[in-house]
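Colleague: Handing you this structure, nothing more for now.
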Amino acid sequence: MFSVRVDRLPGGQVVIAVAGEIDSDTAPKLSASLHRELEHTPPALVLDLTGVSFLGVAGVHVLDCALARAETLSVTVNLISQDNSAVQSALRAAAKTGMFPALRAVEMASTPSN
Numbered sequence: 000m001f002s003v004r005v006d007r008l009p010g011g012q013v014v015i016a017v018a019g020e021i022d023s024d025t026a027p028k029l030s031a032s033l034h035r036e037l038e039h040t041p042p043a044l045v046l047d048l049t050g051v052s053f054l055g056v057a058g059v060h061v062l063d064c065a066l067a068r069a070e071t072l073s074v075t076v077n078l079i080s081q082d083n084s085a086v087q088s089a090l091r092a093a094a095k096t097g098m099f100p101a102l103r104a105v106e107m108a109s110t111p112s113n
């Protein structure tokens, strides 16, 4: 079952946690959530994809478009996923592994970068 949860943290950072399969049926829902949050121009957006069991081409495209939009808004985007996960496999297959800074835990995303 696909789900998207949005958490707004102190300081304005937004964490979007996704679970289930991101395919051509669910990618539009993820896209809508990402773009809705980007409209508010948070200082940082964290995509927690640790609960994603499948990431298809449509999902990779949504992530790519959201990242491009975030860059135009000067919003930092970070990705959380498991090593050797479906997310990492899909990003490798699409030659997009360097697309996002990778994080290990949501708390790490809260650490200010110098």
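Number 113 marks the last residue of the sequence shown (numbering that gives the first Met the number 0); no jumps. Quick reminder that beta carbons are idealized off the backbone N, C-alpha and C, glycines included. For clarity, every value in this text was computed on a predicted model and none was experimentally measured.
Please report how far the alpha carbon of valine 105 lies from the alpha carbon of valine 76, in whole angstroms.
Modeller: Because the pLDDT of valine 105 is 45, which lies under 50, any placement of that residue in the model is unreliable, and the question is left without a value.
Colleague: So, are the CB atoms of valine 17 and leucine 8 less than 8 Å apart?
Modeller: Not a contact, by the Cβ cut-off of 8 Å.
Colleague: Looking only at its chain, what residues have a beta carbon closer than 6 Å to the beta carbon of valine 61, apart from the 5 residues adjacent to it on each side?
Modeller: Cβ within range, chain order: Ala26, Leu29 and Ser30.
Colleague: Taking only the alpha-carbon atoms, compute the straight-line gap between leucine 54 and glycine 19 and give it to the nearest angstrom.
Modeller: Each residue's Cα considered, the two are about 9 Å apart.
Colleague: Consult DSSP for alanine 94 and reduce its assignment to one of helix, strand or coil.
Modeller: Note: alanine 94 maps to coil in three-state DSSP.
Colleague: Only counting the same chain, and skipping five residues up and downstream in sequence, which positions put a Cβ closer than 7 Å to that of serine 23?
Modeller: For serine 23, where only same-chain residues beyond five positions count, the Cβ hits under 7 Å are Gly55 and Ala57.
Colleague: I'd like the list of long-range same chain contacts for glutamine 87, defined as Cβ closer than 8 Å, with 5 residues on each side in sequence excluded.
Modeller: Hits under 8 Å: Ser80, Gln81 and Thr96.
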